[in-house]
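Protein chains: 4
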Amino acid sequence: MKEMEALRKTAEGAGHVELQTVPIPEIGPNDVLMKVYAAGVCGSDLLIQEDRHFYEAPVTLGHEFSGVAHQVGENVTRVAEGDKFVADIECGEGKWLGVTIDGAYAPFMRVPEHVIYRVPDHVSLDDACLAEPIVATHHLIQERAQVKVGDDVVVVGPGPMGIMAVQYARVCGARQVFLIGLKSDEKRLRIGKEVGADHLLYSEESPEETVMEVTDGKGAEFVVECSASGKGVRHAIDCARKAYEGPGGKGVIVFISLWGEEITINLDEVSLGQLDIRGSWSWNGVETWHHAIDLLNRGVFDLDPMITAHYELDEWETAFANLRSKQDVKALIHPNGRDWVG
Amino acid sequence: MKEMEALRKTAEGAGHVELQTVPIPEIGPNDVLMKVYAAGVCGSDLLIQEDRHFYEAPVTLGHEFSGVAHQVGENVTRVAEGDKFVADIECGEGKWLGVTIDGAYAPFMRVPEHVIYRVPDHVSLDDACLAEPIVATHHLIQERAQVKVGDDVVVVGPGPMGIMAVQYARVCGARQVFLIGLKSDEKRLRIGKEVGADHLLYSEESPEETVMEVTDGKGAEFVVECSASGKGVRHAIDCARKAYEGPGGKGVIVFISLWGEEITINLDEVSLGQLDIRGSWSWNGVETWHHAIDLLNRGVFDLDPMITAHYELDEWETAFANLRSKQDVKALIHPNGRDWVG
Amino acid sequence: MKEMEALRKTAEGAGHVELQTVPIPEIGPNDVLMKVYAAGVCGSDLLIQEDRHFYEAPVTLGHEFSGVAHQVGENVTRVAEGDKFVADIECGEGKWLGVTIDGAYAPFMRVPEHVIYRVPDHVSLDDACLAEPIVATHHLIQERAQVKVGDDVVVVGPGPMGIMAVQYARVCGARQVFLIGLKSDEKRLRIGKEVGADHLLYSEESPEETVMEVTDGKGAEFVVECSASGKGVRHAIDCARKAYEGPGGKGVIVFISLWGEEITINLDEVSLGQLDIRGSWSWNGVETWHHAIDLLNRGVFDLDPMITAHYELDEWETAFANLRSKQDVKALIHPNGRDWVG
Amino acid sequence: MKEMEALRKTAEGAGHVELQTVPIPEIGPNDVLMKVYAAGVCGSDLLIQEDRHFYEAPVTLGHEFSGVAHQVGENVTRVAEGDKFVADIECGEGKWLGVTIDGAYAPFMRVPEHVIYRVPDHVSLDDACLAEPIVATHHLIQERAQVKVGDDVVVVGPGPMGIMAVQYARVCGARQVFLIGLKSDEKRLRIGKEVGADHLLYSEESPEETVMEVTDGKGAEFVVECSASGKGVRHAIDCARKAYEGPGGKGVIVFISLWGEEITINLDEVSLGQLDIRGSWSWNGVETWHHAIDLLNRGVFDLDPMITAHYELDEWETAFANLRSKQDVKALIHPNGRDWVG
């Protein structure tokens with residue numbers, strides 16, 4: 001048992017993603033060897049495959065993950081063998097697990113102790129695998145701007161971030177949550193409804209008119225743009241609550257998209273309606289991670305409906321294809337299968 | 001002396017701006033009859049002429065003004081004959097002085113008392129005529145967002161708002177003020193330098209590179225976009241200080257432009273750099289006006305360099321043309337000439 | 001049926017509260033005659049009785065109320081006969097319902113239309129009678145400061161405001177809610193637990209030590225002081241999360257108490273721990289009321305456990321006594337009995 | 001020249017401050033040996049003498065300082081021999097220069113490079129010695145809360161922090177600055193006036209009445225309490241602008257005092273007037289220090305009037321006595337005399 005199969009980016013350029021046999025990692029005194037339970041397939045994986053995201057080849061991919069401590073370095077104090085844990089992928093000095101150093105699309109992964117967060121036993125490792133999107137959503141909705149009790153909230157884009165944002169808005173006491181998607185997003189929209197959206201709106205059917213009608217012309221106090229489309233930004237501006245007079249700032253739009261190209265929009269209503277826009281990325285360090293673990297611990301979110309498929313490691317091509325075609329919201333790859341942990 | 005010449009929008013549609021003979025206004029018990037000293041030519045006047053702004057014809061134009069109380073209604077208590085004053089143009093119920101009801105491009109104007117603000121004797125009526133742009137700038141830079149002591153500030157667009165913003169940033173204790181304009185804005189840029197800009201940058205010469213170089217790669221904590229161009233928005237995003245990690249909000253961009261059309265931009269850096277954008281329009285009611293009068297009173301701004309020309313009423317066509325060609329920063333029309341007040 | 005019994009402050013000075021026979025109010029064209037269903041007994045009523053609060057005698061007391069439109073003035077458009085409604089007690093021009101003009105401790109009350117808020121049919125009039133405390137709590141916890149998802153929250157003082165604050169903190173996604181009271185508050189503390197407090201702590205038993213222990217020495221991000229005692233302020237400071245380094249503002253204390261006398265405290269930890277304190281009173285006008293009605297409408301709070309007693313109008317002395325002895329959390333007086341409305 | 005005289009706390013307990021002969025410090029590869037130009041006498045020095053502040057004896061005192069790099073460790077890159085510099089006193093791991101490790105009341109001091117900030121040549125080392133109070137004031141007035149253009153500002157307590165706050169408020173564009181002191185503070189009050197206070201008020205003469213009168217009953221938007229007295233807190237509450245209605249937060253009080261004992265105050269107006277109080281201590285790390293150096297660099301403050309005396313090292317007893325009796329605002333001790341640097 002000295003070797004294992006790993007899904008790797010083997011060289012620079014488009015493509016070059018394949019299964020390879022590699023040694024099981026050796027750990028140092030400050031490391032933990034994770035036996036990987038689940039690794040979430042993320043849009044960034046697709047971009048790395050397409051050579052449109054940074055990485056350092058050759059490298060084992062997989063940067064959303066959960067697992068169990070299989071072996072523990074001699075200096076490690078915060079984790080014991082058998083503990084469930086997750087980890088921040090930023091290890092410092094430009095080392096990103098699953099991006100520039102070996103990640104979780106393999107049975108075992110080396111993780112430095114300082115980025116590890118233990119997960120309570122009662123939390124399932126499927127759910128724990130979504131810790132990183134929870135971190136991003138917490139930063140988006142609590143740290144960069146706050147949904148307040150009674151706010152009407154519009155979420156543009158029913159991908160994993162959008163569906164998490166729907167749930168998060170509910171946790172914050174939002175009054176009504178509107179979720180906007182394309183007609184081709186029907187499956188994702190239905191999951192959004194299952195986890196708390198009050199209104200499903202189609203981008204093709206002037207969703208801003210419905211938002212204005214349902215809110216008596218007021219608009220939404222909070223809009224989350226995570227569609228990464230120009231039309232999504234237009235919806236965000238059109239749906240936000242305007243303040244044509246007085247102090248302004250009645251409508252807040254949060255961006256967590258990368259569009260990856262120029263978009264064409266009319267920004268006049270941002271000025272006239274005195275809107276706030278806040279870009280969100282990253283998080284507030286350890287503090288945000290502790291919040292995410294606490295939310296997992298308390299079972300605040302209904303994560304199971306978001307996990308739409310489970311794959312073995314050698315089914316990775318299907319998993320990538322189904323995310324690319326938006327069949328899946330969040331798919332998990334289980335390099336050691338699903339049956340070995342309680 | 002029952003009639004007077006007034007510059008009026010006489011009918012709907014493009015054009016239809018001309019001098020007409022009209023009766024001197026009669027005032028009610030709650031009104032003051034202003035003898036107009038100065039009326040500032042504003043970009044909105046040009047838009048009304050072109051039928052690209054709201055108005056109600058026929059109407060006397062002129063909505064930035066200063067003057068003296070010529071006659072005072074019997075219920076009026078806050079102004080006496082001979083007092084210098086200015087006024088908010090929003091009279092309530094959709095009545096805007098110089099836009100939907102008769103304004104200041106005429107020797108006399110009726111002003112309801114409740115929108116009037118007295119101006120101390122030691123303030124010149126030329127300067128007082130800039131009260132409204134001061135109100136807008138105060139809202140922009142103190143109420144919607146705050147320039148802090150030590151901030152590096154970039155102002156995009158050296159029009160009247162931009163030059164006022166340069167001065168305001170100085171008053172707030174800004175560290176360095178950069179003013180970006182077109183090469184054809186040379187005259188305006190030089191005025192910007194006269195009133196406090198540390199660096200004049202040309203839009204045509206990658207101004208963001210200079211900003212980043214001068215700030216050691218940090219960028220500007222505060223950017224004011226008042227160029228109303230797509231390129232201006234791109235400059236704003238490029239010059240703002242990014243926060244790729246942590247809480248975000250290190251760079252704040254304020255919009256006071258109306259672009260009037262779609263623009264094409266890449267917003268990725270708004271997300272990645274966790275920027276804040278705040279649209280600004282209007283003001284916080286009476287409180288903002290009191291601040292503007294106080295700033296006039298204290299002589300905080302050097303307004304004279306901004307006033308680049310004075311015209312008689314019958315020179316209005318020249319005044320409009322010189323603003324359209326950006327010859328002038330702020331031009332004043334004096335319907336009663338300039339020599340009648342101390 | 002031209003006369004009715006009303007509980008009135010009949011003259012200035014201590015005492016002078018008694019039942020009197022008065023005419024049923026006549027209404028003007030812009031008024032509604034409320035048939036009162038419930039009137040909440042408030043600490044202010046006790047203070048008016050004791051001559052320690054402003055009022056204008058003679059006046060019918062009762063300023064927390066709910067009822068039904070019995071008769072509607074000819075200009076009234078927002079309410080029809082038979083509608084359930086509540087109202088803001090501030091009618092403008094210094095007129096306060098139940099304080100300076102006749103209030104709700106009577107079968108009928110005249111209410112000007114402009115302060116009225118309709119209540120949906122499915123909301124019980126018992127619950128609607130708590131609209132005003134909801135308004136105050138919304139201002140406290142959303143408008144003056146925000147409890148964020150994951151915050152640890154301490155509420156000092158288990159009176160009506162404190163118990164509402166416990167519930168509100170839950171609605172905001174608080175992590176853990178601690179409620180501090182005296183040992184003599186046992187009944188109220190138990191109601192606090194019923195509606196969501198995780199930890200009941202006794203003021204007599206160093207509650208700050210428990211808060212610090214349970215939060216691993218971190219302290220509470222948010223503390224609501226509504227005990228109106230010096231000891232309560234000390235608990236608030238001791239329990240709040242300190243930031244001895246860096247930006248500060250990690251711990252926020254909100255005051256909604258009036259102590260009515262000097263208190264003796266050590267404020268050093270406010271400076272050293274860089275705490276924020278925010279006084280809260282009043283509300284943000286119509287906007288706050290709309291939020292309160294929406295919260296009632298959505299059934300966000302469990303109000304029934306807070307309503308600990310119902311009284312007939314002629315039992316008012318018992319009602320006042322039971323509030324004074326803290327037997328009751330919120331007691332309702334029903335001047336028309338409880339059986340006449342669906 | 002291997003030994004030097006140093007002013008040291010030689011043992012625990014009250015007293016035990018005296019001149020001793022000690023070796024000139026040896027530096028490591030990451031250290032700089034500062035030839036001390038000036039060391040400011042601070043209230044904390046008096047407290048250490050009285051055993052009322054933390055320290056680790058034996059230790060050379062002196063924690064506000066400026067000087068020149070006399071010798072530079074081999075790994076040091078940011079400072080060269082002959083450079084002027086100052087330093088943060090917090091060296092990490094609980095090591096505080098002049099408090100727990102040897103400080104500046106001596107001709108030479110060892111300073112680790114990572115806490116050093118270079119000072120431009122054109123800044124005098126007298127002024128540079130005030131870098132630390134500038135850091136504290138910047139945190140107080142820009143980072144914990146912001147004085148805005150047009151704010152009326154009250155400063156309570158004319159000590160070094162208060163006089164710096166007066167100047168800082170001016171830099172922020174304050175409208176009027178009021179400085180409150182005791183009648184026995186006459187000398188300090190006059191310095192406050194010299195550097196920018198508009199109104200000097202005596203604590204003994206109801207200063208809040210003057211503030212309210214001069215501001216037409218509005219009060220001050222910003223109050224800095226640095227008197228460390230109960231009466232100072234009462235003045236702060238009384239002078240702050242109240243918001244009895246609406247959103248609140250019109251008046252902000254900043255605390256930078258340690259009172260060291262319980263005080264007796266009435267807090268009702270904090271609730272009723274919806275005031276904000278923010279404790280301030282420490283700073284935002286490197287960012288705040290860079291701002292302080294920039295402010296020194298730009299000559300924003302008039303620091304010379306604050307420096308009321310210069311002493312030789314062997315005059316330390318006089319220096320301590322004159323601070324204790326409030327003869328001095330800021331006194332500097334020059335362990336190498338004043339004539340050796342340009």
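Residue numbers (our numbering), protein chains in the order written: chain A, 1 to 342; chain B, 1 to 342; chain C, 1 to 342; chain D, 1 to 342. Each residue gets a CB set at the ideal place from its N, CA and C atoms; glycine is no exception. All values reported here derive from a predicted model rather than from experimental measurement.
Going by Cα to Cα distance, which pick from the options is closest to residue i?
{"i": "D/Leu179", "options": "D/Ile89, D/Arg78, D/Asp198 and D/Arg52", "result": "D/Asp198"}
{"i": "D/Asn75", "options": "D/Asp45, D/Ile27 and D/Gly43", "result": "D/Ile27"}
{"i": "D/Cys226", "options": "D/Gly162, D/Asp31, D/Pro29 and D/Glu50", "result": "D/Gly162"}
{"i": "A/Gly246", "options": "B/Ala228, B/His139, B/Ile256 and B/Val149", "result": "B/His139"}
{"i": "D/Pro107", "options": "D/Ser229, D/Cys129, D/Val149 and D/Leu33", "result": "D/Leu33"}
{"i": "D/Gly219", "options": "D/Val177, D/Leu182 and D/Ala321", "result": "D/Val177"}
{"i": "D/Gly15", "options": "D/Ala228, D/Val252, D/Val36 and D/Asp51", "result": "D/Asp51"}
Within its chain, find whatever has a CB closer than 7 Å to the CB of residue i; leave out the 5 residues flanking it on each side and keep chain order.
{"i": "A/Thr100", "result": "Tyr55, Glu56, Val59 and Gly94"}
{"i": "C/Lys2", "result": "Pro23 and Ile24"}
{"i": "A/Ala11", "result": "Ala57 and Pro58"}
Can you check whether the CB of residue j is closer than 8 Å to the CB of residue i?
{"i": "B/Val211", "j": "B/Val135", "result": "no"}
{"i": "C/Met164", "j": "C/Thr137", "result": "yes"}
{"i": "D/Pro305", "j": "D/Ile191", "result": "yes"}
{"i": "B/Ala243", "j": "B/Gly217", "result": "no"}
{"i": "D/Val119", "j": "D/Ser66", "result": "yes"}
{"i": "B/Gln20", "j": "B/Ala6", "result": "yes"}
{"i": "B/Ile24", "j": "B/His63", "result": "no"}
{"i": "C/Gly98", "j": "C/Leu61", "result": "yes"}
{"i": "B/Glu204", "j": "B/Cys239", "result": "no"}
{"i": "D/Ile233", "j": "C/Leu258", "result": "What sits at residue 233 of chain D in the sequence shown is Val, not Ile. No, these two residues do not count as a Cβ contact at 8 Å."}
{"i": "D/Asp127", "j": "D/Leu296", "result": "yes"}
{"i": "D/Val214", "j": "D/Val156", "result": "no"}
{"i": "B/Gly230", "j": "B/Ile253", "result": "no"}
Return helix, strand or coil for residue i, following the three-state DSSP convention.
{"i": "C/Leu267", "result": "coil"}
{"i": "D/Ile180", "result": "strand"}
{"i": "C/Asp185", "result": "helix"}
{"i": "C/Trp96", "result": "strand"}
{"i": "C/Gln146", "result": "coil"}
Excluding the 5 residues preceding and the 5 following residue i in the sequence, name in chain order all residues of the same chain whose CB lies nearer than 6 Å to its CB.
{"i": "C/Glu143", "result": "Asn284"}
{"i": "D/Tyr117", "result": "Val86, Trp289 and Ile293"}
{"i": "A/Val22", "result": "Ala6"}
{"i": "B/Gly349", "result": "This structure cannot speak to residue 349 of chain B, because chain B is shown only from 1 to 342."}
{"i": "B/Ala131", "result": "Val86 and Ala292"}
{"i": "C/Val115", "result": "Ala87, Asp88 and Cys91"}
If residue i sits next to residue j, beta carbons under 8 Å apart, how far is it from one beta carbon to the other, in whole angstroms?
{"i": "D/Val377", "j": "B/Gly173", "result": "Shown here, chain D extends from 1 to 342; a query on residue 377 of chain D therefore has no answer."}
{"i": "C/Ala69", "j": "C/Ala80", "result": "7 Å"}
{"i": "A/Arg401", "j": "A/Val41", "result": "Summary: the structure shown does not reach residue 401 of chain A, with chain A confined to residues 1 through 342, and so no result is reported for it."}
{"i": "D/Tyr168", "j": "D/Ile333", "result": "Contact flag wrong, Cβ pair sits at about 25 Å."}
{"i": "D/Val111", "j": "D/Asp31", "result": "7 Å"}
Of all Cβ atoms in chain G, is any one closer than 8 Å to the Cβ of residue i?
{"i": "B/Gln142", "result": "No chain G appears in this structure, whose protein chains are A, B, C and D."}
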